[in-house]
Structure formats: structure tokens, C-alpha cells
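In the numbering used here, the protein residues as written are 74 to 285.
A virtual CB, placed ideally from N, CA and C, is assigned to each residue, including glycine.
The structure presented is a predicted model; accordingly, all values stated were derived computationally and were not measured.
As C-alpha cells, the structure follows; a few thoughts come after it.
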């Protein structure tokens, strides 16, 4: 049943994923950031539980790419990541909606993983990243406050705020990409078509296999 509105905030590509710089040639870095957003958005939109996707971004390339996939784009209100999430989830989608916010750098995400998580999100819930320190997803059913606390050790912050941690075998969901080592891990999981296509184009083919 399609009931959840998903929200993904995306920085301008030139400013995105600074810790990942050096993983690909500098002139291809914005393309890598965009490829990961496209793969993440495509997986989210393919999930049975997702009714729609809102992307909060001021980057015109991001906007054009995700609109082509079927997402709606709204402007970044400024004020950082959590402000962008609140704007998309609470002001644009509205508190009457079931809202889920995700990181935009999950190129190995599978739709069925997201469906499984959302079937368990009966109250305000979050999914820690693979390291157990950050957060890759925060869900708030209708009329429950989103109250995002992303940044730094956000898993502990979300738990302290009363959000319920969800755990399961969701490697593509939990593995976000902040560093070159994260990218290498994602490739072993099977990254999406856009990310793999870019990496093949620059010669990183041995480690890159499309997601099943």
C-alpha cells in the first residue's frame, strides 16, 4: 500500500560529499554525487510503500534529474540539513502524511529493503548507518513530529529523542557513502545503474556490478 511520502534533501552538487573528494577525478565528482542521488531516488520511487518523493534542493541539475524519475522538487529553505528535512516533511508534505526522510547517498538501496523498514515504522523510528553512528532514515507516521537530528552522532541523538531504532538485514539502506572506503563497500553490495555507469566510464569496472 502506497502511503508514505519520502523526502530527500540534496545540497548543490559542487558542495556535496566533500569527504568523498578524491574517490573519482575532481571534474567528475559532481557527476558521482548526482548519480548516487538518482539511484537513491529511483529505488525510493520503486518501493511499494512510497506514494511520492519530495527532493529539497536548489541545484537545477538535481531538480531536472529527479523530476525525470517522477519526484517533486521544492526549494531548500536554508538553515542546514535538518531544516531542509523539516521543510519537506512537515511543511510541504504536512503532518497528516506518513513521512520518511532519507539520505541521498544510498546507491545500493533496494526497494524491498525500504518496504520492509516502513512496514515496521509504527511510531517515530530511525535506521542507523552501517557504522551505527549516523542515521540514514527517519520515519514519522501521521501526526507524529519528525524532529530530525541529523549530523554527527545522530543515531544516539535520535534514540535520546525517543525515536525507536530499527534493525534488520538492509545493507543497501544502511550503507551511505561519505568516503572512498564507503564507495568501495557499496560496490561490493551492488550499486545502482547510474553510479555503476559513471564508474565504468572512468575505468573503475572490476569492482562495479549493477544492483540485482
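Taking C-beta to C-beta, are residue i and residue j nearer than 8 Å?
i	j	result
residue 118	residue 143	yes
residue 202	residue 120	no
residue 129	residue 157	yes
residue 175	residue 209	yes
residue 113	residue 153	no
residue 211	residue 228	no
residue 186	residue 246	yes
residue 226	residue 155	no
residue 159	residue 105	no
If you draw a straight line from the alpha carbon of residue i to that of residue j, how long is it in whole angstroms?
i	j	result
residue 252	residue 258	10 Å
residue 86	residue 217	32 Å
residue 101	residue 275	9 Å
residue 249	residue 205	12 Å
residue 148	residue 80	12 Å
residue 77	residue 171	5 Å
residue 182	residue 240	15 Å
residue 199	residue 238	5 Å
residue 277	residue 107	17 Å
residue 167	residue 137	24 Å
residue 162	residue 169	10 Å
Would DSSP call residue i helix, strand or coil?
i	result
residue 242	coil
residue 94	coil
residue 267	helix
residue 146	strand
residue 123	strand
residue 14	Residue 14 cannot be examined here, being either before or after the span of the chain that is shown, 74 to 285.
residue 237	strand
residue 180	coil
residue 284	Here residue 284 scores only 48 on pLDDT, less than 50, and its place in the model should not be relied on; the value that follows carries that caveat. In this structure, residue 284 counts as coil in the three-state DSSP scheme.
Looking at the strands, I want to know which residues DSSP matches up with residue i.
i	result
residue 81	128
residue 208	201
residue 171	77
residue 213	172
Return the residue from the list the options that minimises the CA-CA distance to residue i.
i	options	result
residue 83	169, 194, 103	103
residue 97	236, 214, 256, 185	256
residue 125	133, 115, 134, 132	115
residue 244	254, 167, 263	263
residue 269	94, 99, 110	110
residue 214	155, 108, 230, 194	194
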